[in-house]
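Colleague:
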Amino acid sequence: MNKMNLATLGIIILIILGFVWIICFDNVDKGDNKIIDKERKVISYDEIKGVWLSYLDLSSMLKGKNEREFRKNISQAIEKVEEMGLNTLVVQVRPFSDALYESKYYPWSMYCAGVEGKSPGYDPLEIILEESHSRNIRVEAWINPYRVRSDSEKLPLSSTNPASKWIEEDSDNIIKYNNGIYYNPGKEEARQLIVNGVKEIVENYEVDGIHFDDYFYPSSDDSIDKKAYEEYISSGGDLDLSSWRRENVNILVKQVYSAIKEINSKVAFGISPQGSMSNNYNNQFIDVEKWVQNPGYIDYICPQVYYGFLNDNSDFQKVIEEFNALITEPTVKLYMGLSVYKIGAEDTWAGNGKDEWKSSTDILKRQVEASRRLEKYDGTLLFRYDSLFNPSSEVKGQIENEKESLKSIFK
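Everything in the sequence shown is counted per the numbering used here, starting at 1 for the first residue and increasing by one.
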């Protein structure tokens, strides 16, 4: 074979290899040094049995630790989760407009290396996913979409925090209230930042779900977003302030849902609102009814039903039945958020039922059993990890009894 034929053959082989590459990776998205299959399978269970792993829980495992130390800590934590009969971790990866993962939109969380914007030298979320998935534990990335700083969180913002620029510009993309800082739900630029942050997680990490909790509008005060509302009215809008606020949140929820499903239809999106429907609607400005009665908003709702059976104001049974009756969209599932942290403590606002949590040894078990009798029930989430696995000495014995009761129906 002459040199010309060899050269021609080489070119043909390269062309064929190029087509093979395109075909093989046509359904793959490339992040920063990551290649995630868009149609990858996620871990799923008929009944979700999970625990919230908050930034407070993670802080002692993560802050100032090297990769080996953190991997050891999180592995031990996941072992406890598995031994408990749980199958899902809801991990707080963005508590304050930051990231416990490598992000191009948000700075490294100060809970990683002690200073916002400083890399720990490894990717905590990636390690959590590796250690969890090796044990068939689902992982949902828990995000606080709007909160930049709470009124009690007074640490300085890094220059790379997207809120910093808007604060310097006195932009309406930011709401300041009671020393707290929040992204403005009524501003499209702020919403797009949140959506982009969700997209990069689903594109770059093998998460099984995205989770929002109950932080939406920081206040019902009319003045916090006055300028944005006036702009809306000037442009021809006709909704009253409360309805406009709820619609702003609806827009974000729908955008997030669509963004997730466009990347991978199997990744779940759920929200955990407060247990009080009136508070959700009138103070948080979220329309839970709309989300659970229409497609295209959420895959599950997980109300925080942090009440006992004897609560005079909001008894557990009544609240879970209300949420069960609210759901009419067949694709929306119902999980119950239960309060481990109340065990052993007085329930201040429960009226005559204030002592219910102080002596019980199986209230969580009874709450799961009551929830399982509901038509729409599909799972339970426990708040939170340290309350369950690292309780104070005063309630440790009672917590152990509660755990044993729960394990009897979870294992």
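Ideal placement from N, C-alpha and C gives every residue a C-beta, glycine not left out.
Given the structure is predicted, the values throughout are model-derived calculations rather than measurements.
Say whether chain C places a C-beta atom closer than 8 angstroms to the C-beta of T361.
Modeller: The structure shown contains no chain C; it is built from a single protein chain.
Colleague: When you compare each of E169, Q293, S164, Y341 to N324 by their alpha carbons, which one comes out closest?
Modeller: It is Q293.
Colleague: Within 10 angstroms of the Cβ of E404, are there 16 or more other Cβ atoms? Answer buried if so, exposed if not.
Modeller: Exposed, because fewer than 16 other Cβ atoms sit within 10 Å of the Cβ of E404.
Colleague: How about N73 and K49: are their beta carbons less than 8 angstroms apart?
Modeller: It is not a contact, given that the beta carbons lie outside the stated cut-off.
Colleague: With a threshold of 6 angstroms on Cβ separation, who are the neighbours of S234 within its own chain once the five nearest residues in sequence on each side are excluded?
Modeller: Excluding positions up to five away in sequence, the list is empty.
Colleague: I'd like the list of long-range same chain contacts for F410, defined as Cβ closer than 6 angstroms, with 5 residues on each side in sequence excluded.
Modeller: Excluding residues within five positions, the ones whose Cβ falls inside 6 angstroms are K49, G85.
Colleague: Ignore the nearest five residues each way along the sequence and tell me which others in N178's own chain have a CB closer than 8 angstroms to its CB.
Modeller: Closer than 8 angstroms at the Cβ level, and outside the excluded window around N178, lie D151, P218, S219.
Colleague: Under a Cβ-count criterion, where at least 16 other Cβ atoms within 10 Å of its own Cβ denotes burial, should E394 be classed as buried or exposed?
Modeller: Per the 10 Å Cβ criterion, exposed.
Colleague: Quick one: what's L381 bridged to in DSSP?
Modeller: Bridge partners of L381: G50, G337.
Colleague: Which of the three DSSP states, helix, strand or coil, is assigned to G296?
Modeller: Looking at G296 - three-state DSSP - the assignment turns out to be coil, as it is neither helix nor strand.
Colleague: Which whole runs of the beta strand (DSSP E) in the stretch 227-311 are 3 residues long or more, in chain order?
Modeller: Those beta strand (DSSP E) runs which fall completely within the stretch 227-311 and span 3+ residues are 268-271.
Colleague: If you draw a straight line from the alpha carbon of D287 to that of A141, how long is it in whole angstroms?
Modeller: D287 and A141: Cα-Cα distance of roughly 22 angstroms.
Colleague: Is the separation between the beta-carbon of Y105 and that of D123 shorter than 8 angstroms?
Modeller: For Y105 and D123, no; Cβs fall outside 8 angstroms.
Colleague: Considering only the beta carbon of each residue, do G337 and N313 sit closer than 8 angstroms?
Modeller: The answer is no: Cβ separation not under 8 angstroms.
Colleague: What would DSSP say about L155, mapped onto helix, strand or coil?
Modeller: Reduced to three states, the DSSP call for L155 is coil.
Colleague: Using the three-state DSSP reduction, which class does R135 fall into: helix, strand or coil?
Modeller: Coil, per DSSP.
Colleague: Looking at the unbroken beta strand (DSSP E) that takes in R373, where does it start and where does it end?
Modeller: Per DSSP, R373 belongs to no beta strand (DSSP E) and is neither H nor E.
Colleague: Using the Cβ count rule (16 or more neighbours within 10 Å means buried), how would you classify A264?
Modeller: It should be noted that the sequence gives Asn, not Ala, for residue 264. By the neighbour-count rule (16 or more Cβ atoms within 10 Å), N264 is buried.
Colleague: Grab the span of the alpha helix (DSSP H) containing G197 for me, first residue to last.
Modeller: Here the alpha helix (DSSP H) through G197 covers 188-204.
Colleague: Who are the Cβ neighbours of T160 in its own chain at under 6 angstroms, not counting the five residues just before and after it?
Modeller: Counting only Cβ-Cβ distances below 6 angstroms, and skipping sequence neighbours, we find P107, G117.
Colleague: Per DSSP, what kind of secondary structure is A141 in: helix, strand or coil?
Modeller: Three-state result, A141: strand.
Colleague: Check for me: the alpha helix (DSSP H) holding F212 runs from which residue to which?
Modeller: Where F212 is concerned, there is no enclosing alpha helix (DSSP H), although the beta strand (DSSP E) it sits in stretches over 209-212.
Colleague: Could you have a look at V148 and say whether DSSP puts it in helix, strand or coil?
Modeller: If DSSP states are grouped into helix, strand and coil, V148 belongs with the strands.
Colleague: If we call anything under 8 angstroms between Cβ atoms a contact, is A266 one with V42?
Modeller: The sequence as given places Lys at residue 266; Ala does not occur at that position. Yes, Cβ-Cβ distance for K266 and V42 is below 8 angstroms.
Colleague: Between which two residues does the alpha helix (DSSP H) holding I399 run?
Modeller: That run of the alpha helix (DSSP H) goes 396-410.
Colleague: Where does G114 sit, in a helix, a strand or coil, going by DSSP?
Modeller: Here G114 sits in coil by DSSP.
Colleague: Spell out the partners DSSP gives V430 in its beta bridges.
Modeller: Past the boundaries of the shown model lies residue 430; the chain is included only from 1 to 411, so the question cannot be answered.
Colleague: Got a sec, what are the start and stop residues for the alpha helix (DSSP H) V81 sits in?
Modeller: Unbroken alpha helix (DSSP H) run through V81: 67-83.
Colleague: Which residues mark the beginning and the end of the beta strand (DSSP E) in which V42 is found?
Modeller: It is not in any beta strand (DSSP E) - V42 carries neither H nor E in the DSSP assignment.
Colleague: Select from A268, D222, I224, F316 the residue whose C-alpha is nearest the C-alpha of V332.
Modeller: The option with the nearest alpha carbon to V332 is A268.
Colleague: Could you pull the DSSP bridge partners for G180 from this structure?
Modeller: Note: G180 sits in a beta bridge opposite Y177.
Colleague: Among S392, G236, Q367, D315, which has the Cα closest to the Cα of L406?
Modeller: Nearest of S392, G236, Q367, D315 to L406, Cα basis: Q367.
Colleague: May I have the straight-line CA-CA distance separating Y297 from R94, to the nearest angstrom?
Modeller: Going by the C-alpha atoms only, they are around 21 angstroms apart.
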